[in-house]
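Numbering (this note's numbering), first residue to last: -14 to 856.
Okay, structure coming up:
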């Protein structure tokens, strides 16, 4: 125990902290400008000077640690004089434009000057004049206001790891600038704006639109983009969100946000927002009343069920919708329609991957705390770049790297390039061969632990020869693989991160089994990189064709009875159709009705033409969504649902953490769960849901893993797996092992292969409807490496023709020197030129999801950039 006395007040501490931290614990005010809770102590502004007994000079309280028996004074005349002097120095060049500055009212320098500073300055030098810079579409800079505290630079370099800005020049000419010039061209996380104490770095989107005192209320809520589940405060004026602000003491993100979370929320005010129901009449969608739209939907569903049976009806849930919406939809399908045909795009990766791994290791094996990544002794990443699809999760990997923890990546991951101690980029589709080499290499260095006979047997089957005949099975040298094995051998409790690309391929079961073996050998913890805010919630709510809420199998009579008793109706025991099986069935004429909630199927599913044709054959297509989109344009009925800030509910993030999504603004549409409940009521089944509290109460009653959960518990941050329930703990005793020797791929035939580019600045339909995100990435593109660029004589900025057999388009070319071989990347930004529209697919027999490997395309130069400009 350490005891320190500050201003005569004794403070007991369990561990050494800085004087500044100790003072804050005791509610003693010490001004500071360069210090911030998210940054390491810097001691640059000298505003936090304090007097310490038995020390001859004043000390910076942000860098000086307390010792037992220390006595500190923060308000002596000597200290106050030093503060006034430092503020006077800072104000020599700082403009006195507070009434004009957007930071007024929340400016640390303004507050410190009002409380501690001199009323007038003695210096007569003219203030430096630097123009505001508007070169960047998102961030505006005013270097006249900069006090060179370096908070922004330290945030960008030491926390974000982007290294996009620095302090340039010297003396009075010093200023903060991006390395790329006037435009930042960075990750646009905006965390530099968060930590800036003055109005030097500001959001251009908010400039001169409001002042802090205009904010009428602040609502703590959860981000609606990826599966991390970052918390922030939504600041409200009228019925609009004007800004979102993270807080260092709020949520698992601890004050950090990414570009989508900070700037992308404006999709909720998109001109494409749906406000009134639409009904197809004479081939056109016409505005109608809620009564007519709901009555028509219920009547057609009832008619189709009676004519074709329950199996002719399907539903698509969404990882963008709340747990309450998704739970209500699955109850509707099972207890009213009588069908298990319910799935979502989560079934393409997250759902089947989790089910596969839980069958081996037990329920909840992938639900691990995010902070465990940075605190592990190693990180292995495959299948997705978390820095792009779940950026705050990616920051945990970067933080681990900065601690000196080994990071091994497999695949093209530009966001982790500088942070990986070993980056392996194998030939296309040769990951099974690479993983086999890694497993075999590890087995030579460490014995198996003998805890699991199943895995001991699996490992033996994977131990193939590593002789000269397969010395280079994956396009990597023996030295590269040996180095990776050595890095892995250093790990005793690593984090294993698995992304989408592992599962959306024909050999997904092999890859997942290999990763299971590798995790077992390393004694690792598995993390699935979730790309939607409620991927885990979809699984937990039972929005899978083979699972009930709580992860219980639908074919189990005893478990099914629990739900039947609560719902008062029978639930079918047969497994339903997956999403792609439903699309196939619609194309073949066997599925007659589809209820789509929160998913835009056309741009998000492969082979857009095939999907469009399938949906056009339906007798009833109901789209319940917040935005008018390509799928809604085909619908017979469009039901407008409340958007993310307009409804109450919860999300479950990739950790299994249930978080309260609070209603922040009033919406003109109807809550998603209420729409479904009204349709059920018209058909003849009253769920009795009046508020989301009623839905949660029923969930906690029927789901074995959700016992006793309340919104109050979610608010306290305590609602983390395994909750208070009864998870299934059994792991596999037997398993049909796929034969890896049958998966030796043919050598690259020299034709380009198409893959999805993981985009930091976009997130499907909601990203396309954000004006801020659209400014950062307004158009689609095709990305190629040096080898393909030379082979096809394509240069950056050229216009290339892309043809896949089912789709052709013209796209601008970007050259990425890190792309290997014949890899071609296209993002899914624009619906008409998104990567999925080019993709052919085959049904994965194990997971019933689309296998997207083997998409060969033709690429050719159409015209150069100069020709494009002249035209």
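Glycine included, every Cβ here is placed at the ideal spot set by N, Cα and C.
Self-check item: Per DSSP, cross-strand counterpart(s) of residue 118
Solution: Taking the first residue of the chain shown as 1, we reach residue 118 at position 133. Partner(s): 126.
Quiz item: Is residue 77 near the ligand ZN, going by C-beta to nearest heavy atom under 7 Å?
Solution: This structure does not include the ligand ZN; it has no bound ligands of any sort.
Practice problem: Give me the Cβ distance between residue 302 and residue 528, rounded to the nearest whole Å; I'm assuming they're in contact under 8 Å. | Solution: Against the chain shown, residue 302 aligns to sequence position 317. Against the chain shown, residue 528 aligns to sequence position 543. Their Cβ separation, rounded to whole angstroms, is 4 Å, which keeps residue 302 and residue 528 in contact under 8 Å.
Quiz item: Under three-state DSSP, which class holds residue 346?
Solution: Locating residue 346 in the chain shown gives position 361, counting from the first residue. DSSP places residue 346 in helix when its eight states are reduced to three.
Quiz item: Do residue 801 and residue 770 come within 8 Å of each other at the CB atom, strictly closer than that value?
Solution: Here residue 770 refers to the residue found at position 785 when the chain shown is read from its first residue. Here residue 801 refers to the residue found at position 816 when the chain shown is read from its first residue. Against a cut-off of 8 Å, the Cβ pair of residue 801 and residue 770 comes out as a contact.
Exercise. Report the partner residues of residue 624 according to the DSSP bridge assignment.
Key: In the chain shown, counting from the first residue as 1, residue 624 sits at position 639. Answer is 609.
Exercise. State the DSSP-derived secondary structure class of residue 428, mapped to helix, strand or coil.
Key: Here residue 428 corresponds to residue number 443 of the chain shown, with the count starting at 1. Looking at residue 428 - three-state DSSP - the assignment turns out to be helix.
Practice problem: Any chance you could list the alpha helix (DSSP H) runs of at least 4 consecutive residues sitting entirely within the region 814 to 843, in chain order? | Solution: 820 to 823
Exercise. Please work out which residues of its chain come closer than 6 Å, Cβ to Cβ, to residue 140, disregarding the five sequence neighbours upstream and downstream, and give them in chain order.
Key: The count along the chain shown starts at 1 and reaches residue 140 at position 155. The beta carbon of residue 140 sits closer than 6 Å to those of 176, 177, 180, all from its chain and outside the five residues before and after it, given in chain order.
Quiz item: If you measure from the beta carbon of residue 609 to each beta carbon in chain B, is any gap under 8 Å?
Solution: Reference to chain B is not applicable here, since this structure consists of a single protein chain.
Exercise. Can you tell me which of 295, 558, 86, 474 puts its alpha carbon nearest to the alpha carbon of residue 509?
Key: For the purposes of this step, residue 509 is identified with residue 524 of the chain shown, where counting begins at 1. Out of 295, 558, 86, 474, 474 has the C-alpha closest to the C-alpha of residue 509.
Quiz item: Just curious, the beta strand (DSSP E) that residue 480 is in, first and last residue?
Solution: Looking up residue 480 in the chain shown gives position 495. Here the beta strand (DSSP E) through residue 480 covers 480 to 483.
Quiz prompt | Euclidean distance between Cα positions of residue 795 and residue 686 | solution = Position 810 of the chain shown, counting from 1, holds the residue named residue 795. Position 701 of the chain shown, counting from 1, holds the residue named residue 686. One C-alpha to the other measures close to 54 Å.
Quiz item: Are the beta-carbon atoms of residue 876 and residue 706 separated by less than 8 Å?
Solution: An answer regarding residue 876 cannot be provided, because it is not within the stretch -14 to 856 covered by the chain.
Quiz prompt | Burial state of residue 751 (16 or more Cβ within 10 Å) | solution = What you label residue 751 is simply residue 766 of the chain shown in a count that begins at 1. Its Cβ being crowded by 16 or more others within 10 Å, residue 751 is buried.
Quiz item: To the nearest angstrom, how far is it from the Cα of residue 94 to the Cα of residue 70?
Solution: Locating residue 94 in the chain shown gives position 109, counting from the first residue. Locating residue 70 in the chain shown gives position 85, counting from the first residue. The alpha-carbon atoms of residue 94 and residue 70 are separated by roughly 14 Å.
Quiz item: beta strand (DSSP E) containing residue 216: first to last residue?
Solution: Mapped onto the chain shown, residue 216 falls at position 231. Element bounds for residue 216: 216 to 222.
Self-check item: 6 Å CB neighbourhood of residue 671 in its chain, flanking five on each side removed
Solution: By one-based count along the chain shown, residue 671 stands at place 686. Excluding residues within five positions, none has a Cβ falling inside 6 Å.
Exercise. Would you identify the three-state DSSP class for residue 706, choosing helix, strand or coil?
Key: Translated into positions along the chain shown, residue 706 becomes position 721. Of the three classes helix, strand and coil, the one that applies to residue 706 here is coil, per DSSP.
Quiz item: In three-state terms, what does DSSP make of residue 318?
Solution: Numbered from its first residue, the chain shown carries residue 318 at position 333. Looking at residue 318 - three-state DSSP - the assignment turns out to be helix.
Quiz item: Under three-state DSSP, which class holds residue 900?
Solution: There is no way to answer for residue 900, as the model of the chain reaches only from -14 to 856.
Quiz item: Relative to the C-alpha of residue 524, which residue among 336, 152, 86, 781 is closest?
Solution: Looking up residue 524 in the chain shown gives position 539. Cα-wise, what sits closest to residue 524 is 336.
Quiz item: Start and end of the beta strand (DSSP E) containing residue 299?
Solution: Against the chain shown, residue 299 aligns to sequence position 314. It spans 298 to 301 - the beta strand (DSSP E) in which residue 299 sits, taken as one unbroken run.
Quiz item: To which residues does DSSP link residue 87 through a beta bridge?
Solution: As a working note, residue 87 is residue 102 in the chain shown. None; residue 87 has no bridge partner.
Exercise. Could you check which residue in 8, 204, 778 has the C-alpha nearest to that of residue 232?
Key: Counting from 1 along the chain shown, the entry for residue 232 is found at position 247. Comparing Cα positions, the closest option is 204.
Quiz item: Can you list, in chain order, the residues of its chain whose CB lies under 8 Å from that of residue 773, leaving out five sequence neighbours each side?
Solution: As a position in the chain shown, residue 773 is number 788, starting the count at 1. For residue 773, where only same-chain residues beyond five positions count, the Cβ hits under 8 Å are 737, 779, 804, 806, 807, 808, 809, 844.
Exercise. Look up residue 337 in the DSSP assignment and say whether it is helix, strand or coil.
Key: Here the question's residue 337 lines up with position 352 in the chain shown. In the structure shown, residue 337 sits in a helix (DSSP, three-state: H, G or I).
Self-check item: the region 52 to 66 touching the region 20 to 29, judged by at least three CB pairs closer than 8 Å
Solution: no
Exercise. For residue 696, count neighbouring C-beta atoms within 10 Å of its own C-beta (all shown protein chains included) and say buried if the count is 16 or more, exposed if not.
Key: The residue given as residue 696 occupies position 711 in the chain shown. The residue in question, residue 696, is buried, as its Cβ has 16 or more Cβ neighbours within 10 Å.
Practice problem: Could you spell out the range, first to last residue, of the beta strand (DSSP E) harbouring residue 58? | Solution: Translated into positions along the chain shown, residue 58 becomes position 73. From DSSP, the beta strand (DSSP E) with residue 58 extends over 56 to 58.
Quiz item: Per the contact definition of three or more C-beta pairs closer than 8 Å, is the region -2 to 6 in contact with the region 36 to 52?
Solution: yes
Quiz prompt | Residue from 566, 614, 126, 109 whose Cα sits closest to the Cα of residue 116 | solution = The count along the chain shown starts at 1 and reaches residue 116 at position 131. Ranking the options by Cα distance to residue 116, first place goes to 126.
Exercise. Report, in whole angstroms, the separation of the C-beta atoms of residue 626 and residue 654, which I expect to be a contact under 8 Å.
Key: Locating residue 626 in the chain shown gives position 641, where the first residue counts as 1. Locating residue 654 in the chain shown gives position 669, where the first residue counts as 1. The pair is a contact, with the Cβ atoms about 5 Å apart (cut-off 8 Å).
Quiz prompt | Own chain partners of residue 235 with C-beta closer than 6 Å, once the 5 adjacent residues on each side are dropped | solution = Looking up residue 235 in the chain shown gives position 250. Around residue 235: 216.
Exercise. Leaving out five residues on either side along the sequence, give the residues of the same chain with a beta carbon under 6 Å from the beta carbon of residue 163.
Key: On the chain shown, position 178 is the one that residue 163 refers to. Excluding sequence neighbours, residue 163 sits near 149, 150, 169.
Quiz item: Are the CB atoms of residue 295 and residue 324 nearer to each other than 8 Å?
Solution: Locating residue 295 in the chain shown gives position 310, where the first residue counts as 1. Locating residue 324 in the chain shown gives position 339, where the first residue counts as 1. Cβ atoms of residue 295 and residue 324: closer than 8 Å.
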